[in-house]
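Novice: The numbering of the sequence shown is our numbering, which starts it at 1231 and goes up by one.
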Amino acid sequence: MKILVVNAGSSSLKYQLIDMETEKVLAKGGCERIGIPGSLLKAKGNGKEKLYEQDMPNHKVAIELVLHALHDDEIGVIKSMDEIGAVGHRMVASGEYFKKTTLVTPEVMKVLEEKTFELAPLHNPAAATGVRACMEVMPKTPMALVFDTSFHATMPEKAYLYGIDYDDYKKYGVRKYGFHGTSHKFVSSEAAKYLGKKPSELKIVTCHLGNGSSISAVDGGKCVDTSMGFTPLAGILMGTRSGDIDASAVEFLARKKGLSHADVITYLNKKCGVAGISGVSSDFRDLIAGAEKGNERCKLALDMFAYQTKKYVGSYAAAMGGLDCIVFTAGIGENTPTVRAGVCEGLEFLGVKLDKNANAGKNDGSIREISAKDSKVKVLVIPTNEELVIARETAEVL
Ligand code: AMP
């Protein structure tokens, strides 16, 4: 069976068509500037690339163009739409309404739209627009919602609750949900495979370090804690997100800067993090180049990022009562040796010993072991593959 994986944002729609027999990507691409003049689709298939510069006023037109590209004479990989067995949609937030991957029905869409939009106003409405567009264009094809939050559904209450009035948690669902679950799930299971162990035998800390970053404690194959919270703003500082901050400081900042509740949250999401600390960029390549030229604030941003990540690794080792493996993944985790070294430095007391040469090696897209041979804790770099998890989960729920 072939599964189409769709990740829709407010003005973008990324896709991959995956053959589930081989788990190979047959075609992939992305629509940009949907609903904005100058929309385009960059598509790959058949070993070739093609650029479609075509007006896409909405997601329905975008998905129609994607299906056209999948059939295209030059880059097409299918002959008929019937070859697409199902569509898996990435969805960010589930609240407590969906604990696992869920088949799309009109009732499911109603719950999604009525209950979860306010939990992830930037992400869920946009992704749901993508689902609705696919439902219109491919009405007979089964579809599934795969949530970023599902892998974290195994967290115990003591890990996911905030110290607020329990009745308010019950009434409003204010708790930690966690995000990047498909990535944490993928890399933790790949780590177990690589180490030749059953997931049940391992205590792993997975560090998904990208533009958005989160760290998870995976004990026996199950997530027991994670750094993101009610929204993806929590945890370590990120590209432009502040990460954890005292709630009283938020009110204080809003008052001093004359910002509304909504605006101060936008400020914490878009103007802070390593971009705010460095005053240079949210991109780690720029920060590293800046630090190498002696920019102290770039250096500070990199130090804060590694320090905060390290604190999560240490606290999760304590939470799990041990540590067998640390995994680094995503744009920064896979490509930035200095960050990995900064995280592992000082964790020798836990049995972490990095191999400097292995850590400095280039990302070749494969799993790399960067710990020393005699390191008690294995340290791995594992390229994430969220699309494959979405496709696998979709196939499973069918
Ligand atoms: P992601 O959100 O996983 O796509 O990660 C994006 C982040 O990865 C960007 O902010 C970059 O700073 C970082 N990144 C990507 N490639 C590299 C690289 N070759 N070297 C350093 N950082 C990188």
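All C-beta atoms, glycine included, are put in the ideal place defined by N, C-alpha and C.
DSSP three-state call for Gly1377: helix, strand or coil?
Specialist: The amino acid at residue 1377 is misidentified as Gly; the sequence shows Phe. DSSP places Phe1377 within a strand segment (E or B) once states are collapsed to three.
Novice: Is it the case that the Cβ atoms of Lys1433 and Met1550 are separated by a distance below 8 Å?
Specialist: A contact, by the Cβ cut-off of 8 Å.
Novice: In angstroms, rounded to a whole number, what distance separates the CA positions of Lys1198 and Glu1262?
Specialist: There is simply no residue 1198 to check, as the chain begins at 1231 and stops at 1628 in what is shown.
Novice: Starting from Tyr1282 and walking both ways along the beta strand (DSSP E), at which residues does that stretch end?
Specialist: 1278 to 1283
Novice: Check whether the Cβ of Gly1440 sits closer than 7 Å to any heavy atom of the ligand AMP, and report yes or no.
Specialist: yes
Novice: Heavy atom of the ligand AMP less than 7 Å from the Cβ of Thr1566, yes or no?
Specialist: yes
Novice: In chain order, which continuous runs of the alpha helix (DSSP H) of length 4 or greater are located wholly inside the segment 1408 to 1485?
Specialist: 1411 to 1425
Novice: For a test of your reading of the model: does the CB of Ala1238 fall under 7 Å from any non-hydrogen atom of the ligand AMP? Yes or no.
Specialist: Ala1238 Cβ: outside cutoff for every heavy atom of the ligand AMP.
Novice: Taking the alpha carbon of Gln1284 as the reference point, which residue from Leu1300, Leu1297, Ile1264, Gly1275 has its own alpha carbon closest?
Specialist: Of the candidates Leu1300, Leu1297, Ile1264, Gly1275, the one whose C-alpha sits nearest the C-alpha of Gln1284 is Ile1264.
Novice: Reducing DSSP to helix, strand and coil, say where Arg1263 ends up.
Specialist: coil
Novice: Given 8 Å as the limit, is there contact between the segment 1497 to 1511 and the segment 1470 to 1486, that is, 3 or more CB pairs closer than that?
Specialist: yes
Novice: Verify the contact flag: Asp1378, CB atom, against every heavy atom of the ligand AMP, threshold strictly below 7 Å.
Specialist: no
Novice: So the candidates are Ser1490, Ile1562, Asp1554, Tyr1537; which of them puts its Cα closest to the Cα of Arg1515?
Specialist: Residue Ile1562 is the option with its Cα nearest to Arg1515.
Novice: Verify the contact flag: Ala1560, CB atom, against every heavy atom of the ligand AMP, threshold strictly below 7 Å.
Specialist: yes
Novice: Below 8 Å on the Cβ atoms is my contact criterion, and I expect Ala1389 with Val1557 to pass it. Report the Cβ-Cβ distance as a whole number of Å.
Specialist: That belief does not hold up - the Cβ atoms of Ala1389 and Val1557 are roughly 19 Å apart, past 8 Å.
Novice: Please determine, among Met1534, Ile1495, Phe1460, Ala1492, the residue with the shortest C-alpha to C-alpha distance to Gly1393.
Specialist: Nearest C-alpha to Gly1393 among Met1534, Ile1495, Phe1460, Ala1492: Phe1460.
Novice: Kindly indicate the opening and closing residues of the beta strand (DSSP E) around Thr1346.
Specialist: No beta strand (DSSP E) holds Thr1346; DSSP gives it neither H nor E.
Novice: Whether or not the segment 1367 to 1378 and the segment 1238 to 1254 are in contact is what I'm after, with contact meaning three or more pairs of Cβ atoms, one per stretch, closer than 8 Å; do they touch?
Specialist: no
Novice: What's the call for Asn1237, buried or exposed, on a 16-neighbour Cβ count within 10 Å?
Specialist: Buried, since its Cβ has 16 or more Cβ neighbours within 10 Å.
Novice: Thr1641: which of Tyr1327, Leu1342, Val1448, Lys1370 sits nearest, CA to CA?
Specialist: Lying before the first or after the last residue shown, residue 1641 is absent from the chain, which here runs from 1231 to 1628.
Novice: How would you call Pro1287, buried or exposed, if buried means at least 16 neighbouring beta carbons within 10 angstroms?
Specialist: exposed
Novice: Could you give the residue range of the alpha helix (DSSP H) that holds Lys1370?
Specialist: Careful: Lys1370 lies outside any alpha helix (DSSP H) and carries neither H nor E.
Novice: With respect to the alpha helix (DSSP H) encompassing Ala1292, which residues constitute its N-terminal and C-terminal limits?
Specialist: 1289 to 1301
Novice: Contact check, Thr1559 vs Ser1413 under 8 Å by CB: the rounded distance?
Specialist: 6 Å
Novice: Answer with buried or exposed for Leu1281, where buried requires no fewer than 16 other C-beta atoms within 10 angstroms of its C-beta.
Specialist: exposed
Novice: Does DSSP classify Val1619 as helix, strand or coil?
Specialist: helix
Novice: Going by the DSSP bridge assignment, what does Tyr1245 pair with across the sheet?
Specialist: Val1236, Gly1259
Novice: Since Ile1305 and Ala1363 should fall inside the 8 Å C-beta cutoff, what is the C-beta to C-beta distance between them, to a whole number of angstroms?
Specialist: So it is not a contact: roughly 21 Å between Cβ atoms.
Novice: Taking the DSSP output, what are the residues bridged to His1319?
Specialist: Val1236, Leu1375
Novice: If you check the beta carbons only, do Pro1567 and Asn1587 fall under 8 Å apart?
Specialist: no
Novice: So, with DSSP's three-state summary, where would you put Val1557?
Specialist: Of the three classes helix, strand and coil, the one that applies to Val1557 here is strand, per DSSP.
Novice: Say yes only if the C-beta of Asp1594 is nearer than 7 Å to one or more non-hydrogen atoms of the ligand AMP, and no if none qualify.
Specialist: no
Novice: If you reduce the DSSP assignment to three classes, tell me which class Gly1275 lands in.
Specialist: strand
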